[in-house]
Amino acid sequence: MSKQSDQRKAPPVAKYALAGVFIVVVFVLGIAGVYRTAKRDKARAEQSESRAPTPAGRQDDATLFATYGTSPTCKSCHEEAYQNWERSHHALAERKVEAALDKPAFDPPHRISHGSQSSQARLVDGKFELVTRGPAGTNQPFEVTRVIGVDPVRQFLIPFGDGRLQAGELCFDPNHPGWFDVYGEEDRQPGEWGHWTGRGMNWNNMCATCHSTRLRKNFDEHTDTYSTKMAEMGVGCEACHGPMADHNAWQAKHPNKTGDPTVRKIKREEMFSACAQCHSRRAELTGDFRPGEKFFDHHQLTIPDETDLFYPDGQIHDEDYEFTAFLGSKMHAAGVRCGDCHEPHTSKPRVPGNLLCMVCHGALTNTAPKIDLATHSRHKVGERGDFCTECHMPQTVYMQRHARRDHGFTVPDPRLTSEFGIPNACNRCHTERSADWSLDAIVKWYGPRTNDAVLLRARAISKARAGDRAAVEPLLKMVHSETNSFWRAVAANLLKHWSAEPAVTAALLSCVSETNDLVRVMAVRGLEPLAQSGNPSVLAALKARLNDPVRAVRVEAAWALHQSMDTNSPAGADLLAYLRHNLDQPAGALQMGVFLMDRGDLAAALDYFRRAVKWDTNSAPLYHALAVALSADGKSGEAVDALQTACRLAPREAEYRFKLGLALNEVGRLADAGVALKVAVELDPQYSRAWYNLGLAYSAQGKDELALEALLRAESLDANTPEIPYARATILARLGRMDEARRAAQRAVELNANFQEARQLLESLKR
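Residue numbers (my numbering): 6 to 772.
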C-alpha cells in the first residue's frame, strides 16, 4: 500500500508582502514590499549550496548492501521466528507478482468501472496487465511487476521509466474478491499530482522506504531520475534487527557457539524507533535510518497542528498511521511499547480479544486501572461493544478497504462530538443515535464524565486552529503543567502564532532545552517567527540548538536561522541534506525555493517554484509562493496570473485574495484590486491588513467615506500599527476635517515617535 511520507510544511512566504499597501499621499509598496535581496550573502550561498552534501559516515550502496545477509539466511538458526514472519504482512509488504497469489485478479479478465473511467485487468502471454488511463489521457496496457500489501489491499506497481515505479490506483481485495479504486469516486486525471501516473503515487518516494528493507532512494535532481536500491524486497528480518552479514559469517565459522561479537542487541526504545519509522506520518530528514538509531535523528513527526490531519483530541483523521496517536496516549506514558501487545514476527496481537488488555488491566499486582470485564462494557458478551478495542481503539477506513485502529486509546466522549464533530466510539456503532443519547447512556452507566482534561485540551487546539487568541492561556497551561510530553510539544508548536507575546516567548524558551526530543523540536519551531526579531534570548536559544545532539532539532534550528547561517556548519549540512533529499516532490521544491529566496538567490528560487507548480498544477500554495517570487523579480503581470490561479483553486482563502489585490495594484488595475480586497475581508472579516489596503484602494479611487470606514475597521482589529491612523489622517486632512486629522496623526506618532511622515503631517496640521 502506498505510504505517503510527509514533508515538514514549508515555511510561509507571505512575509514578503507584509508591508504591501496602495498609494496614499506619500508612500507606495507592493506585493513584495519588504523583500530584501541579501546580495552580500549570494556568492557564499551559491558556493556552499552548489555541492551535494554527503552526511558523515554514509556508505556507498555497494558497501552498505554487502553488510546485509537477507532474511532467508536467518531461517536455519531461527526457524520458528522465520516461519512466523514469512507469511506475515511485513514479509509480504512488497513482492514480485506471483501467479499463485495474483492470477485470480487477472484471469479471467476483469472489467473495472471507476469514476468516469473504465479499465481492465488481464493476463496476456504470461504478463499481468492493467489497461487504464495513462499520461496521454487514453487507455493503455501497463505491465505490473510488483505488489505492495497483501490483505485487505493489494496495490500493483508499474515500471514507468527513469527508474520510476508507480503505484496504481486500481487495487484488488482478496477477501471480497474484486477490484476497486483507492480514491473512491474522486476520478483523478492524468497531469494531477495524485493521479497514479503523478508524483503523489511514485513508489520510489512515497512507498518504497516502508515496504522494503534498507532502501536508498537515489534521486538525481539534475536528470529527474532514480536509481533506487534496497537490501531486500519486503520488510525483512534486518529491517528491524539491522544488517547481519557479519553475524552469518561468524556463525558459519563458530557453529552453535554463543558470544557472537558482531551482534548488537537492539534495545527496547530503539526497537520502538524502528517500528515508528514506518508506522508514522513523518518527513524524512536523511533517508538513511538504521535499526538502533533514534527516530528523531532521521525524521520529523507530523503531530496535531493547525491542519485537520488529526482531530483536536488527537484521534487519527487523515491517514496518520499509529505512532503519533500512540505517543499521545496514556499507554505510551505508562511505558507500554509495540512489542508488549504485538508478537514481533507475525505482528498479530499476542493474546486474543479482551484477554490481551486484561494482561495489565486485570492483574492484581499491576498499576494499570483494574477493569471488571463482566460489568465494564455494559454490552452482552460477544457483541461488538463488549470488546475493549471497539470502544478504545475505534477503526477508520483508509484506501476504501483498510480499517486501521486508533492507537490513542481514547475514552469515548460524546461531548467532543457535540462541540467539535470529533467521532466517538459509541456513535461510530450506533449511527442512528445522537451524541446526546450516547452521553446520557455513559453518564447513567459510569457517572458524570471525568474526561475533562481531554475536553479542555481539544478546546484549546480547536481555538488555536481558528486563530483565536483565547487559545493562548490554555496552551500555556499545557506547556507548563501537562505531564505527557507529547501534548506539551503540540502546545508549543501551536503557540508559534503568538510567539511575540512575552509570556509565550518565555514559555517556548523554557522548552528548548528540555530532555524530550519532540518538545525541543516544537519549541524551536514555535520560536521560528522570532528568528529575525533581534531578540537576544531567542537568537541565543536557537543558535544553541544548532549543536543539539538530535538531528531533528538541529534541522529545525537551522531552518529558523536559514537566512544567514553558515551552510558549511554541521547543522547547515544537515539542513541542506534534508532539503536535497526531498527535491523530488513539489513540497520539497517549494521549501528549497523559499530557502534560496531568503538567501538572496531569487533566480534559482524561481526555478524551484516553477518546478513545484509544474509537478502539482492543482496546489494553490505553490502558485501563491511563485507569485510572491515573481513580484519580487519585477514580473508583476505573471504574479497576477499565478495569484488568479491560486484564487481559483482555493476560492475561500482570504490571503490569496489579499495578495491578488496588491498584485493588481502593481499593474495599475486599481478597480480590480479593490474588488479583490473586498472579497478578502468578506472571507475573513478579522483580516486587518486587508481592511487597511482596502481603505487605501478606496481612497485612491476617491471613495473617501468608504476609505475611512475600512481604515477604522482595520484600526479596531490592529490598534498598534501607526500607518493605519496616519492613513486616516491624510484623508481627513484632504477633506478639511482638521480636528479629526490631528487626532489621527497624533495617534500615529504616539505609536511610533520616529514616524517622520506622521510627525511632519501633525506639525503641518498644528499651524
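Even for Gly, the Cβ is constructed at its ideal location relative to N, Cα and C. This structure is a prediction, so every number in the text was calculated from the model and none was measured.
- Taking 7 Å as the cut-off, the beta carbon of His115 is found no closer than this to the beta carbon of Ala105.
- Secondary structure note for Gly183: its beta strand (DSSP E) is the uninterrupted segment 183-186.
- Under the 10 Å beta carbon count, Cys82 is surrounded by fewer than 16 other beta carbons and is classified as exposed.
- Only buried fits Lys222, as 16 or more other CB atoms lie within 10 angstroms of its CB.
- For the pair Cys245 and Ala279, the CB atoms are nearer than the 7 Å cut-off.
- In this structure, Val672 sits away from Val633, with a CB-CB distance that is not shorter than 7 Å.
- If you draw a straight line from the Cα of Leu717 to the Cα of Pro730, it comes to about 8 Å.
- Looking at the DSSP output, Phe315 sits in a beta bridge with Ile321.
- Going by DSSP, Val448 is part of the alpha helix (DSSP H) stretching over 440-451.
- Minimum Cα-Cα distance from Ala110 among the listed residues Trp184, Arg287, Met602, Tyr87 corresponds to Trp184.
- The way I'd put it, the region 499-514 does touch the region 472-484; three or more beta-carbon pairs between them come closer than 8 Å.
- Inclusion of Ser490 and Val526 in the CB contact set at 7 Å is not warranted, their separation being larger than that value.
- A straight line joining the alpha-carbon of Pro77 with that of Arg409 spans about 30 Å.
- In the displayed model, Met211 falls within a helix according to three-state DSSP.
- For Val645, the uninterrupted alpha helix (DSSP H) run begins and ends at 641-654, by DSSP.
- The Cβ neighbour count for Tyr703, taken over all protein chains shown within 10 Å, is at least 16; the residue is labelled buried.
- The three-state reading of DSSP puts Glu99 in strand, counting E and B together.
- For His119, DSSP records a beta bridge to Gln122.
- The Cβ atoms of Leu669 and Asp677 sit closer than 7 Å to each other.
- Between the alpha carbons of Tyr697 and Ala715 lies a distance of about 6 Å.
- Setting aside the 5 residues that flank it on each side, Asn359 is surrounded in the same chain by Leu378, Asp391, Phe392, Cys393, each with a C-beta closer than 8 Å to its C-beta; the list follows chain order.
- In the three-state reduction of the DSSP assignment, Cys431 falls in the helix class.
- DSSP, reduced to helix, strand and coil, places Phe224 within a strand of the structure shown.
- For Glu191, no alpha helix (DSSP H) run applies, since DSSP gives it neither H nor E.
- The distance from the Cβ of Pro317 to that of Ser467 is about 5 Å, consistent with a contact at the 8 Å cut-off.
- In terms of CA proximity to Leu361, Asp345 leads the group Asp345, Trp564, Val558, Thr401.
- Taken through DSSP and simplified to helix, strand or coil, Tyr73 comes out as coil.
- In the assembly as shown, Val158 is a buried residue. Its beta-carbon has 16 or more other beta-carbons within 10 Å.
- In terms of Cα proximity to Thr735, the closest of Ser721, Leu722, Leu701, Asn759 is Leu701.
- Take the alpha-carbon of Arg616 and the one of Val684: they are about 30 Å apart.
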